[in-house]
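Engineer: Structure incoming, see below.
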Ligand code: ADP
């Protein structure tokens, strides 16, 4: 009771009364209270009404009707339990006032019992109906309250776009009150802009019952909002489209943040592309459409306003590379493959750029083939490589000349020998001419020998000149055995002076290789000189240098230089082929490094291993010419 008075003071008497009747106040036992309340209210109210009707002399039908009206009215404000109790009380008072004997709860006529039962059933049914209608109403008003609670807009419009419902969320978002919005045609009212055409959106809605997309709406104050909108079609029982429920939420801030992020990402990307000299592109093979990044325009040296096309790119491709460019791209796009290749650009002023292009085929749309790729300006790298190559060949030449210097004693001897022979033969010829009688046959023999020796000297000079020549490397088919013979002759004196027995074993019918004769000579000279030097001072076992050629089981051409020297110290094995690695007091440490780069450039391999007994073997393998051509 105390809580009832407090509630009445707080919320007013009527509200409190209604809530109390409906038993939604805090109370330990609602059901019992409703039961008691029903009896009390029923007895007081229905007793009074029954008494008045009885005094007025109304008949049973009129009395029943008045009770029924009272039950309906009280059911509208009271609880279901109380309404049921009221029905029972009403039956009692109808019996008391209107059924004979009156003013008693008994019945004298048995036929009155079905009438009383009919009234009871009718009143129960009406109470149940009232309860159902009330619950429906409550659910609806709860739903409406929820719709107004959400910050999303909820708008219902008919099929002509006339607004039928406009929630508080819509009022807050667009600035128009419900009464202003109702009856307006929605798209004109909100100046809607669609991402697709209105017809497309409506068609999707009619076919699938739903549509989702981002719209632009204009508020009352003229500002534009990006709205994530969801439409759902409401149909009647017969399937006829009745109305469209449109919910939406404001994504303007998110869109602006995304745009700002995209802008800053684009700025970073452009800067990164500029720094890395890498441009990007997209190519839709199906439509021929090409998209270039800013850096790609810069690499191709076109204004950014120009429409990029494959033909535009081809205008810049070096004439010597155009065919390869077309073939590579054509082949990749026909077979839907990625591509990765290098080509050159030739600019009107004669400048050349080296580009490396990689592109990935996008397979998300099988029919509409398109590529995303990157073009890297690798001009600096290629120029540096060319300079490095130039420096390497210059260094190789210098080492060759240095080696020739080391071989000078042998060379002097090689050339000196035929010269001495020429002089000796010339003197003999003179003597035979001065002889009486002169001996022309002897003279002829002498002159023939002189010519032979002269030719030998010429040949030696030729070989030395080729070796010292500033050669940039010309590959031609050659016999490795010939290279061995050249080197044997050039190093003969060195071998002899170090008293190293030389064994040469050349495989007959050796397949030719594609090589640079001078470079391969240089490799062999280096290996022979190293072998000789490794045996200097060896006295404990017999020394021997052997040069062998052969064919490996894989069909590769093999060259091996075996010595019986100190062998390779395992601690040095890894660094042996490194430039400037030397264990010799005056060694340059370039010999083996040059040997390796020469053999590498011939597509071959060089390796070293210690022999079972003494010394080391350097072994080179080169691909045969037939394989190179294939
Ligand atoms: P350099 O001869 O000027 O030292 P190389 O590159 O030709 O330069 O050789 C590097 C090193 O490899 C040599 O200093 C030597 O220690 C080792 N080496 C080369 N050939 C042999 C060999 N046949 N036997 C043992 N060691 C060798």
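In full-length UniProt numbering, the protein residues as written are 1 to 630. Think of the CB as a built atom: it goes at the ideal place given N, C-alpha and C, for glycine as much as any other residue. Just so you know, these numbers come straight off a predicted model, no measurement behind them.
1. Mind reading off the beta-carbon distance from residue 547 to residue 484? Whole number of angstroms is fine, and I expect it under 8 Å.
2. Quick one: using the 10 Å Cβ neighbour count with 16 as the cut-off for buried, is residue 114 buried or exposed?
3. Could you check what DSSP says for residue 574 in three-state terms: helix, strand or coil?
4. Within 10 angstroms of its Cβ, does residue 197 collect 16 or more other Cβ (buried), or is it exposed?
5. For residue 331 versus residue 344, is the C-beta spacing smaller than 8 Å?
6. Using 10 angstroms around the beta-carbon of residue 308, count the other beta-carbons present and answer buried if the total reaches 16, otherwise exposed.
7. Nearest by alpha-carbon distance to residue 218: which of 189, 237, 211 and 195 is it?
8. Alpha carbon to alpha carbon, what distance is there between residue 416 and residue 530?
9. Buried or exposed for residue 268, going by 16 or more other Cβ atoms inside 10 Å?
10. Hey, out of 299, 87, 228 and 613, whose CA is closest to residue 281's CA?
11. Would residue 126 and residue 68 be called neighbours here (beta carbons separated by less than 8 Å)?
12. For residue 158, which of 463, 186, 64 and 119 has the nearest alpha-carbon?
13. Closer than 7 Å to a non-hydrogen atom of the ligand ADP - does that hold for the CB of residue 597?
14. Is residue 582 near the ligand ADP - that is, is its Cβ less than 7 Å away from at least one heavy atom of it?
15. So, helix, strand or coil for residue 302, using DSSP?
16. So what does DSSP say about residue 283, is it helix, strand or coil?
17. Out of curiosity, what's the CA-to-CA distance linking residue 134 and residue 71?
18. Any contact of the region 82-95 with the region 105-120, i.e. 3+ C-beta pairs under 8 Å?
19. Excluding five sequence neighbours on each side, which residues of the same chain lie with their C-beta closer than 6 Å to the C-beta of residue 670?
20. Quick check: is any heavy atom of the ligand ADP less than 7 Å from the C-beta of residue 502?
21. Can you have a look at residue 465 and say buried or exposed, based on whether 16 or more other CB atoms are within 10 angstroms of its CB?
22. Contact defined as beta carbons within less than 8 Å: I believe residue 514 pairs with residue 570. What is the distance between those atoms, to the nearest angstrom?
23. Check whether the region 487-498 and the region 599-616 touch, using three or more Cβ-Cβ pairs below 8 Å as the test.
24. Note the first and the last residue of the continuous alpha helix (DSSP H) segment covering residue 479.
25. If you scan the region 392-446 from start to end, which runs of the alpha helix (DSSP H) of 4 or more residues do you find wholly inside it?
26. Does DSSP put residue 454 in a helix, a strand or coil?
27. Leaving out five residues before and five after residue 517 in sequence, what residues of the same chain have Cβ atoms less than 7 Å from its Cβ?
28. Is it right to say residue 349 is buried, meaning 16 or more other beta carbons lie within 10 angstroms of its own, or is it exposed?
29. When you compare only the Cα positions, how much space is there between residue 201 and residue 211?
30. Checking 8 Å against the spacing of the C-beta atoms, do residue 150 and residue 170 come in under that value?
31. With DSSP as the reference, identify every bridge partner of residue 631, one or two as the case may be.
32. Kindly indicate which three-state DSSP category residue 260 falls into: helix, strand or coil?
33. Which word fits residue 305, buried or exposed, when buried means at least 16 other C-beta atoms lie within 10 angstroms of its C-beta?
34. Starting from residue 97, trace the alpha helix (DSSP H) in both directions and tell me its first and last residue.
35. Kindly indicate which three-state DSSP category residue 617 falls into: helix, strand or coil?
36. Would residue 532 pass as a contact of residue 498 if the rule is Cβ separation under 8 Å?
Structural biologist: A quick look at the data gives this:
1. Here residue 547 corresponds to residue number 547 of the chain shown, with the count starting at 1. Here residue 484 corresponds to residue number 484 of the chain shown, with the count starting at 1. Sure, about 6 Å apart at Cβ, within 8 Å.
2. Here residue 114 corresponds to residue number 114 of the chain shown, with the count starting at 1. Under this definition residue 114 is an exposed residue.
3. Sequence index remark: in the chain shown, residue 574 carries index 574 (1-based). Residue 574: coil per DSSP, three-state reduction.
4. Translated into positions along the chain shown, residue 197 becomes position 197. By the neighbour-count rule (16 or more Cβ atoms within 10 Å), residue 197 is not buried but exposed.
5. To locate residue 331, count along the chain shown from 1; it is residue 331. To locate residue 344, count along the chain shown from 1; it is residue 344. Not closer than 8 Å, so no.
6. Position 308 of the chain shown holds residue 308. So residue 308 ends up on the buried side.
7. On the chain shown, residue 218 is found 218 positions in, with the first residue counted as 1. Here the closest residue by C-alpha is 189.
8. Locating residue 530 in the chain shown gives position 530, where the first residue counts as 1. Locating residue 416 in the chain shown gives position 416, where the first residue counts as 1. Taking the straight line from one Cα to the other gives about 25 Å.
9. Within the chain shown, the letter at position 268 stands for residue 268. The residue is exposed, with fewer than 16 neighbouring Cβ atoms inside 10 Å.
10. Translated into positions along the chain shown, residue 281 becomes position 281. Nearest option by C-alpha distance: 299.
11. Counting from 1 along the chain shown, the entry for residue 126 is found at position 126. Counting from 1 along the chain shown, the entry for residue 68 is found at position 68. Closer than 8 Å, so yes.
12. Locating residue 158 in the chain shown gives position 158, where the first residue counts as 1. The residue with the shortest Cα to Cα distance from residue 158 is 186.
13. Here the question's residue 597 lines up with position 597 in the chain shown. Outside the cutoff, so no.
14. To locate residue 582, count along the chain shown from 1; it is residue 582. Yes - the ligand ADP has a heavy atom lying nearer than 7 Å to the Cβ of residue 582.
15. As a working mapping, residue 302 is identified with position 302 in the chain shown. Coil at residue 302, not helix or strand.
16. Taking the first residue of the chain shown as position 1, residue 283 is located at position 283. Note: residue 283 maps to strand in three-state DSSP.
17. Here residue 134 is taken as the residue at index 134 of the chain shown, counted from 1. Here residue 71 is taken as the residue at index 71 of the chain shown, counted from 1. Each residue's alpha carbon lies about 14 Å from the other.
18. yes
19. Because the chain is modelled from 1 through 630, residue 670 falls outside the range shown and cannot be assessed.
20. In the chain shown, residue 502 corresponds to position 502, counting from 1. Answer for residue 502: no, Cβ out of range of the ligand ADP.
21. Residue mapping note: residue 465 aligns to position 465 of the chain shown, counting from 1. The residue in question, residue 465, is exposed, as its Cβ has fewer than 16 Cβ neighbours within 10 Å.
22. Start at 1 with the first residue of the chain shown, and residue 514 comes out as number 514. Start at 1 with the first residue of the chain shown, and residue 570 comes out as number 570. Actually they do not touch by this definition, with Cβ atoms about 35 Å apart.
23. no
24. In the chain shown, residue 479 corresponds to position 479, counting from 1. Element bounds for residue 479: n/a, residue is neither H nor E.
25. 408-434
26. Numbered from its first residue, the chain shown carries residue 454 at position 454. Of the three classes helix, strand and coil, the one that applies to residue 454 here is helix, per DSSP.
27. Indexing the chain shown from 1 puts residue 517 at position 517. Here the set comprises 478 and 483.
28. By one-based count along the chain shown, residue 349 stands at place 349. The residue is exposed, with fewer than 16 neighbouring Cβ atoms inside 10 Å.
29. Mapped onto the chain shown, residue 201 falls at position 201. Mapped onto the chain shown, residue 211 falls at position 211. The alpha-carbon atoms of residue 201 and residue 211 are separated by roughly 6 Å.
30. For the purposes of this step, residue 150 is identified with residue 150 of the chain shown, where counting begins at 1. For the purposes of this step, residue 170 is identified with residue 170 of the chain shown, where counting begins at 1. Not in contact: residue 150 and residue 170 (Cβ atoms no closer than 8 Å).
31. Any property of residue 631 remains undetermined from this structure, which presents the chain solely from 1 to 630.
32. The count along the chain shown starts at 1 and reaches residue 260 at position 260. Here residue 260 sits in helix by DSSP.
33. Locating residue 305 in the chain shown gives position 305, counting from the first residue. It is exposed - the Cβ of residue 305 has fewer than 16 other Cβ atoms within 10 Å.
34. For the purposes of this step, residue 97 is identified with residue 97 of the chain shown, where counting begins at 1. Where residue 97 is concerned, the enclosing alpha helix (DSSP H) stretches over 80-98.
35. Residue numbering aside, residue 617 sits at position 617 when the chain shown is read from its first letter. Strand.
36. Sequence index remark: in the chain shown, residue 532 carries index 532 (1-based). Sequence index remark: in the chain shown, residue 498 carries index 498 (1-based). Yes.
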